[in-house]
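Protein chains in written order, with the numbering used here: chain A, 1 to 288; chain B, 1001 to 1241.
Backbone N, C-alpha and C define an ideal beta-carbon position, used for all residues, glycine too.
Report on the following structure.
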């Protein structure tokens, strides 16, 4: 454990931007994000949610929002403990999202779902589908977990609402690989990013309902981010090159992620390139 | 003002000091920096109460704007010197009961006032911009007379306006010169507007209640319009007085 004073406060914010491919095709932003801090014992609970609607699904911009709002209600109600039991978490989110999604076509609900919560001492992320989890450490390390399905057919929570669809998914994509690659860099503005560690785990996609990421040494952690896979679609950028600007928070007050993405968007508009190809949603907790 | 000193930051450009709310208390993604620079020279002594009312009325009008949460207002008064009534503050932090009727005396440092207003806007805009805030600005200078006491020249004001407009710190800057009871100096003020690179000169003519009510409305609408233009890449269109 890092010997640091306790976290004094948790800040939370989220934002999402439309990817270039969606703009070119006249598609709406199908990513969505929410974040907040719930009052409670100690520092309360910082929570964050990201959902990424499938671009070949239906009205998944609507579906993504329903999943995200259902997830945030579960997190705010059950706290960090909501992320301890995946089956129970899935059930809790489904109980809220299911009745809403029943009013829509089944393919409107195909969306990934990422949840993150921290009380300042412990932090856990749960990922249904794909995305990136980032932890900025107070000592300058940048750690991130890329959750990736080799088939690019994530196992959406929505499949559990439709056994037929789930069976079809298992037959078609269940033997694909569910990969988690972990990278740890030391970053200094003058020196750049130096790779310290990297490793990957792999499992048959059918065996993984959701990926759990436990963040170690939370008191030694400054920022926690969950990002849709749009974070890895910056043209010509390596994952670390893409993630550093996204996480370069200048001032964690108020709408800090909104400001960061807006500042980057202005830069992309000015230079005419650099924008992500896919939609991008980011939700973050900042531990002061 | 209500704000305690530990919530303020200070800066200086060209020898002119300014204060502003610390950025770690600002939650919104974008802000319009508004500066109201009011003449309090000896020649306006006859309507000091009007100058007092301008401050209060503009704040109250801005509070009703749909963009009120995105405005940071600074008020300065000038004669031979520049006095900051308060630095860039969120409207919620401004206590209009703390405003006082200015003691009107001395000469007119119009160049200094314009320079101080524009340079502080640029400097604080730069601070905000470095921290990802999108910012633009509007400077409204209200005077009844031409410059006769400044250290800075009108070309220095023009250079500062140009720098502010061209800087990456502010998305846009709108500059308005308002002449009150300045019928005799209308041409001089017009010349100042042109030489200093201000966007607009508004001649209010006399300080009658009806004309002043129109002025309050014009100033608050101009502030609101400039704030609504934030994010469009350019300044608001000049409004008609």
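Alpha helix (DSSP H) segment containing residue 218 of chain A, residue limits: Where residue 218 of chain A is concerned, there is no enclosing alpha helix (DSSP H), given that its DSSP letter is neither H nor E.
With 16 other Cβ atoms within 10 Å as the buried cut-off, status of residue 252 of chain A: buried
Cβ-heavy atom distance, residue 1219 of chain B to the ligand ZN, below 7 Å: Within the structure as shown, the ligand ZN is missing, as the structure has no ligands at all.
Expected contact under 8 Å - CB spacing of residue 118 of chain A and residue 10 of chain A to nearest Å: 7 Å
Where residue 1246 of chain B sits in the DSSP three-state scheme: Because residue 1246 of chain B is not part of the residues shown, which for chain B are 1001 to 1241, the question remains open.
Residues that residue 1230 of chain B bridges to, as DSSP identifies them: Answer by DSSP bridge pairing: none, since residue 1230 of chain B is not bridged.
Proximity test, Cβ basis, 8 Å: residue 250 of chain A and chain B: yes
Any C-beta of chain A under 8 Å from that of residue 1011 of chain B: no
Three-state secondary structure (DSSP) of residue 132 of chain A: strand
Alpha-carbon to alpha-carbon, residue 216 of chain A and residue 2 of chain A: Below a pLDDT of 50, predicted positions are generally treated as unreliable, and residue 2 of chain A, at 46, falls in that range; the measurement from the model is reported next regardless. Roughly 10 Å between the two C-alpha positions.
CB contact flag (residue 1119 of chain B, residue 1091 of chain B, <8 Å): no
Neighbour flag for residue 1125 of chain B against chain A, beta carbons, 8 Å: no
Nearest-angstrom Cα separation, counted from residue 1036 of chain B out to residue 1172 of chain B: 17 Å
Pairwise C-alpha distance: residue 259 of chain A and residue 249 of chain A: 9 Å
Which listed residue (B:1006, B:1078 and B:1102) has its alpha carbon closest to that of residue 1053 of chain B: B:1102
Enclosing beta strand (DSSP E) for residue 1017 of chain B [first to last residue]: 1016 to 1021
DSSP-derived helix/strand/coil call for residue 1141 of chain B: strand
Residues bridged to residue 1201 of chain B [DSSP beta-bridge criterion]: B:1177
Meets three-Cβ-pair contact criterion under 8 Å: the region 52 to 60 of chain A and the region 92 to 100 of chain A: no
Terminal residues of the alpha helix (DSSP H) in which residue 88 of chain A lies: 86 to 101
Residues of the region 114 to 143 of chain A whose Cβ lies closer than 8 Å to any Cβ of chain B, in chain order: none
DSSP three-state assignment for residue 147 of chain A, whether helix, strand or coil: strand
8 Å contact criterion, which residue 132 of chain A and residue 125 of chain A should meet: CB distance rounded: Actually they are not in contact, since the Cβ atoms of residue 132 of chain A and residue 125 of chain A sit about 10 Å apart, beyond 8 Å.
Rounded distance between the beta-carbons of residue 176 of chain A and residue 120 of chain A, thought under 8 Å: About 37 Å separates the two Cβ atoms, so there is no contact after all.
Nonlocal neighbours in the same chain, by C-beta distance under 7 Å from residue 64 of chain A, ignoring five residues either side: 30, 31, 32, 51, 52, 53 and 111
Residues that residue 202 of chain A bridges to, as DSSP identifies them: A:179
Nonlocal neighbours in the same chain, by C-beta distance under 8 Å from residue 86 of chain A, ignoring five residues either side: 126, 209, 210 and 212
CB contact below 8 Å: residue 37 of chain A versus chain B: no
Residues in the region 1128 to 1153 of chain B having any Cβ partner in chain A nearer than 9 Å: 1129, 1130, 1131, 1132, 1133 and 1134
Span of the beta strand (DSSP E) around residue 32 of chain A: 31 to 38
Inter-residue Cα distance where the pair is residue 1006 of chain B and residue 257 of chain A: 25 Å
Inter-stretch contact (C-beta, 8 Å, three-pair minimum) for the region 1054 to 1067 of chain B and the region 1014 to 1029 of chain B: no
Where the region 257 to 277 of chain A meets chain B: residues whose CB sits under 8 Å from a CB there: 258, 259, 260, 262, 263 and 266
Contacts that residue 1265 of chain B makes with chain A (C-beta to C-beta distance below 9 Å): An answer regarding residue 1265 of chain B cannot be provided, because it is not within the stretch 1001 to 1241 covered by chain B.
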